[in-house]
Amino acid sequence: MEKKLIKEHRKQTEPQKTIEVQANLLKELYQITAEAKSLSALAIAQHEKENALDLQMEQKKGDFEAEKALKRTQWKKEKEEHEAAKKERNAQVKKERTREAVRGEGKTPEI
Numbered sequence: 001m002e003k004k005l006i007k008e009h010r011k012q013t014e015p016q017k018t019i020e021v022q023a024n025l026l027k028e029l030y031q032i033t034a035e036a037k038s039l040s041a042l043a044i045a046q047h048e049k050e051n052a053l054d055l056q057m058e059q060k061k062g063d064f065e066a067e068k069a070l071k072r073t074q075w076k077k078e079k080e081e082h083e084a085a086k087k088e089r090n091a092q093v094k095k096e097r098t099r100e101a102v103r104g105e106g107k108t109p110e111i
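Those letters in the sequence shown? Residues 1 to 111, by this note's numbering.
Structure below.
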């Protein structure tokens with residue numbers, strides 16, 4: 001009789017254990033699915049941030065290159081103006097020296 005009761009008890013508890021195992025497996029699968037979706041969302045967000053940063057860097061690089069070109073043009077213009085002013089000054093000095101030399105030759109010595 002005892003063996004029969006034990007056998008009957010096992011028959012009743014085995015399906016319950018199987019149900020519990022299956023329920024736990026389903027919970028784990030649900031958890032894995034939820035985590036996979038969350039990870040996928042994070043990966044997408046990361047990819048979008050990278051794209052936004054790339055665009056921002058390209059914009060800043062373009063702005064920098066434009067500013068650099070502008071500064072280079074301004075510097076070149078200033079250099080040309082400086083060189084022109086220098087040539088003009090040198091020509092003025094040369095002209096003045098020539099005048100002074102001519103004046104000096106035209107003077108009569110005082111006795």
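For each residue, glycine too, the CB sits at the ideal point set by N, CA and C.
Check                                                                                             : Outcome
Pro15 versus Ala23: straight-line alpha-carbon distance, rounded                                  : 12 Å
Met1, DSSP secondary structure in three states                                                    : coil
Distance, Asp63 Cα to Leu42 Cα                                                                    : 31 Å
Sequence-distant residues of its chain with Cβ nearer than 8 Å to Glu88 (five each side left out) : none
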